[in-house]
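K.L.:
Got a structure for you, questions after.
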Amino acid sequence: MKKKFKISLATQILIGLTLGIIVGGIFYGNPNIEKYLQPLGDIFLHLIKMIVVPIIISTLIVGVAGTGDMKQLGRLGGKSLIYFEVITTVAIVVGLLSANLFQPGAGINMNELSQGDISKYVSTTEEVQHEGPFDIIVGIVPTNIIQSMAEGDMLAIIFFSVIFGLGVAAVGERGKPVLGFFQGVADAMFWVTNLVMKFAPIGVFGLIGVTVSKYGFASLVPLAKLAILVYGTMLFFIFVVLGIVAKIAGISIFYLIKVLKDELILAFSTASSEAVLPRIMMKMEKLGAPKDIVSFVIPTGYSFNLDGSTLYQAIAALFIAQMYGIHLSIGEQITLMLVLMVTSKGIAGVPGVSFVVLLATLGTVGIPLEGLAFIAGIDRILDMGRTVVNVIGNSLASLVMAKWEGRFDKEKMKNYFKENENLA
């Protein structure tokens, strides 16, 4: 009996990516291409958004209700926030050091650069700047959970799910039917996730095709030094910084990347962390992290642990300063770092988060905001890279927290590698 030939999801996505680049290149500058390809990408992203909220709610309620320990949950939350703060601060420092060392903005002729439209980010920035530090905390507590679900307000959804899960645990036997219901919802939604992933190659084809047809490759040439530095620094951060963190936790960063290869290709192609959220949650559970830790740490990390984004923001800020010939002292760079640490947490999750953070930050150290318009053209290309770093960082965070809590299942990880021998 002949073995049925099957193309893996990663290969299918790469084919979609390659075809999208070719089609986008052929029809570069043709406005009609967006009309036909954008709907393919939008349908895929809509499908992902459709399943993310039900998965987070159901898995978090099941995980919390299964544990039912308020003290344990509070400890996990505190440790997670400390870990997120340390890692994102290291990412900012690495970005600043890299930009100071390689000076990507020095000698750039601004007359050779085209300017992109950043007006859509300005209104969001103005809203954010009018918020006080406590407004962020107040915003975590929802007044209407249905509205929060409709808006995809992740922190409010997590808060409600944790409280509800504790309530289900507190009522004992009476809560078992509710727990069984949400377990069924979680199982069904993971099945739906696998179905949605079959559309991923087509979605990737549409998204990348539109990007290349809009910007082409010419937009990369004047800013090649910035793009190369951002990607080089991100690789350093993944393999050195996150590699050391993984090693301390007894995990190989190379194994983790191999486990996540399909998801990383998809995240890179779509520039969307949400696109892979359900699948990385499934995989981290298979690697030995308990359900309640995975369900809490990864969605929370999507708001508080954006390593790739903060690293990029640090490089981009200094790039713009160097382009304008502005020298920032060590004190000003420390101020920049502190402001980035706050703003990157406060407005996580909004569209174009990196641009919004930079708009809210640059003025504090006297860097012209107009400089962002010069890098808007390649932002999509850079966004693809920083999305990959964010996904790896949050996946690793769930395993580190499981280790820190003393609840990591080594046997489960060994069995996973035995079943997938090509990863070991």
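In this text, residue positions in the sequence shown follow the numbering used here: the first is 1062, and each later residue adds one. A virtual CB, placed ideally from N, CA and C, is assigned to each residue, including glycine. Owing to the predicted nature of the structure, the values given are computational and were not obtained by experimental measurement.
(1) Give the single residue among I1359, N1093, I1439, H1388 whose Cα lies nearest to the Cα of L1460.
(2) Hey, E1324 and V1337: beta-carbon distance below 8 angstroms or not?
(3) Taking Cβ to Cβ, would you say K1140 is nearer than 8 angstroms to M1402?
(4) I need the boundaries of the alpha helix (DSSP H) containing S1209, first residue and last residue.
(5) Hey, which unbroken runs of the alpha helix (DSSP H) at 4 residues or more fall wholly within the stretch 1214–1239?
(6) List, from N- to C-terminal side, the alpha helix (DSSP H) runs of 4 residues or more that fit wholly inside the stretch 1359–1420.
(7) Using 10 angstroms around the beta-carbon of Y1144, count the other beta-carbons present and answer buried if the total reaches 16, otherwise exposed.
(8) Could you spell out the range, first to last residue, of the alpha helix (DSSP H) harbouring S1313?
(9) In whole angstroms, what separates the C-alpha of E1212 from that of G1427?
(10) Distance check for S1415 and D1248, CA to CA, integer angstroms please.
(11) So the candidates are I1122, L1443, G1081; which of them puts its Cα closest to the Cα of P1238?
(12) What's the C-alpha gap between M1250 and P1115?
(13) Do you know offhand how far D1058's Cα is from F1266's?
(14) Could you please give the first and the last residue of the uninterrupted alpha helix (DSSP H) stretch that includes P1100?
(15) Would V1301 be called buried (16 or more neighbouring beta carbons within 10 Å of its own) or exposed?
(16) To the nearest angstrom, how far is the alpha carbon of L1158 from that of Q1374?
(17) Counting C-beta neighbours from all protein chains within 10 Å, is the total for S1119 16 or more, i.e. buried, or is it exposed?
(18) Ordered along the chain, which non-local residues of its own chain (more than five positions away) have a Cβ less than 6 angstroms from that of V1355?
P.N.:
For this structure:
(1) Position 399 of the sequence shown, counted from the first residue, corresponds to residue 1460. Of the candidates I1359, N1093, I1439, H1388, the one whose C-alpha sits nearest the C-alpha of L1460 is I1359.
(2) Counted from its first residue, the sequence shown places residue 1324 at position 263. Counted from its first residue, the sequence shown places residue 1337 at position 276. Taking 8 angstroms as the Cβ cut-off, E1324 and V1337 qualify as a contacting pair.
(3) Here the question's residue 1140 lines up with position 79 in the sequence shown. Here the question's residue 1402 lines up with position 341 in the sequence shown. Result no, Cβ atoms of K1140 and M1402 do not sit closer than 8 angstroms.
(4) The residue given as residue 1209 occupies position 148 in the sequence shown. Here the alpha helix (DSSP H) through S1209 covers 1206–1212.
(5) 1215–1231
(6) 1368–1384, 1391–1407
(7) Against the sequence shown, residue 1144 aligns to sequence position 83. The residue in question, Y1144, is buried, as its Cβ has 16 or more Cβ neighbours within 10 Å.
(8) Taking the sequence shown and counting its residues from 1, one reaches residue 1313 at position 252. Element bounds for S1313: n/a, residue is neither H nor E.
(9) One-based indexing of the sequence shown puts residue 1212 at position 151. One-based indexing of the sequence shown puts residue 1427 at position 366. Cα to Cα, the separation comes out at about 34 angstroms.
(10) The residue labelled residue 1248 in the question sits at position 187 within the sequence shown. The residue labelled residue 1415 in the question sits at position 354 within the sequence shown. Roughly 34 angstroms between the two C-alpha positions.
(11) For this step, residue 1238 is matched to residue 177 along the sequence shown. Looking at the Cα atoms, I1122 is the closest of the given residues.
(12) In the sequence shown, counting from the first residue as 1, residue 1250 sits at position 189. In the sequence shown, counting from the first residue as 1, residue 1115 sits at position 54. Going from the Cα of M1250 to the Cα of P1115 covers about 7 angstroms.
(13) The displayed coordinates of the chain run from 1062 to 1485. Any statement about residue 1058 would go beyond what the structure contains.
(14) Here residue 1100 refers to the residue found at position 39 when the sequence shown is read from its first residue. Note, P1100: alpha helix (DSSP H), 1093–1128.
(15) Counted from its first residue, the sequence shown places residue 1301 at position 240. The residue in question, V1301, is exposed, as its Cβ has fewer than 16 Cβ neighbours within 10 Å.
(16) As a first step, residue 1158 is located in the sequence shown; it is residue number 97 there, counting from the start. As a first step, residue 1374 is located in the sequence shown; it is residue number 313 there, counting from the start. If you take the alpha carbons of L1158 and Q1374, they lie about 13 angstroms apart.
(17) Walking along the sequence shown from the start, residue 1119 turns up at place 58. Label assigned to S1119: buried.
(18) Indexing the sequence shown from 1 puts residue 1355 at position 294. Answer for V1355: M1342, M1345, E1346, S1459, listed in chain order.
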